[in-house]
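All you need for the numbering used here is the position in the sequence shown, starting with 1, plus 24.
We put the beta carbon where it would ideally sit given N, CA and C, even for glycine.
Just so you know, these numbers come straight off a predicted model, no measurement behind them.
Notes follow once the structure below has been shown.
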Amino acid sequence: MCLSLFGRLVGAGATAITMLYTSELFPTEHRNFAIGCSATVAQFGPLLAPYIVDVLGKMAWWLPTTVCGLLALIASLLMIFLPETRDTPMPDTINKMNLS
């Protein structure tokens, strides 16, 4: 039970960070659309997880957790390439974003 609650805590934290970081990356005129797309895509994981576990679990008992762990590791490594937003003004338009 503790591991399940810890997983829910980590998932909620990741969702909150995704929403915050998305709002900092996009200009004002596109921010709501970007947050909506981000929230929609974020729901694919919980939607597909039972099917992934069912299909991959029939092949090998260790395969579902390995695939999910590798996907989490890849996502974490890709975060390195995102720009730093600390002490940068939030752009209002695409043109201002391209200039900065």
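Residue i versus residue j - alpha carbon distance
i      : j      : result
Pro113 : Thr46  : 14 Å
Arg110 : Glu48  : 9 Å
Val79  : Ile118 : 43 Å
Leu87  : Leu101 : 21 Å
Trp85  : Gly35  : 23 Å
Gly93  : Ala99  : 10 Å
Pro74  : Lys120 : 43 Å
Ala63  : Phe30  : 21 Å
Own chain partners of residue i with C-beta closer than 8 Å, once the 5 adjacent residues on each side are dropped
i      : result
Thr52  : Met114, Pro115, Asp116, Thr117
Pro107 : Leu49
Met83  : none
Distance between beta carbons of residue j and residue i, contact taken as under 8 Å
i     : j     : result
Ala66 : Thr39 : 6 Å
Only counting runs of 3 or more residues, tell me where the beta strand (DSSP E) segments fall wholly within the segment 48-76, in order along the chain. none
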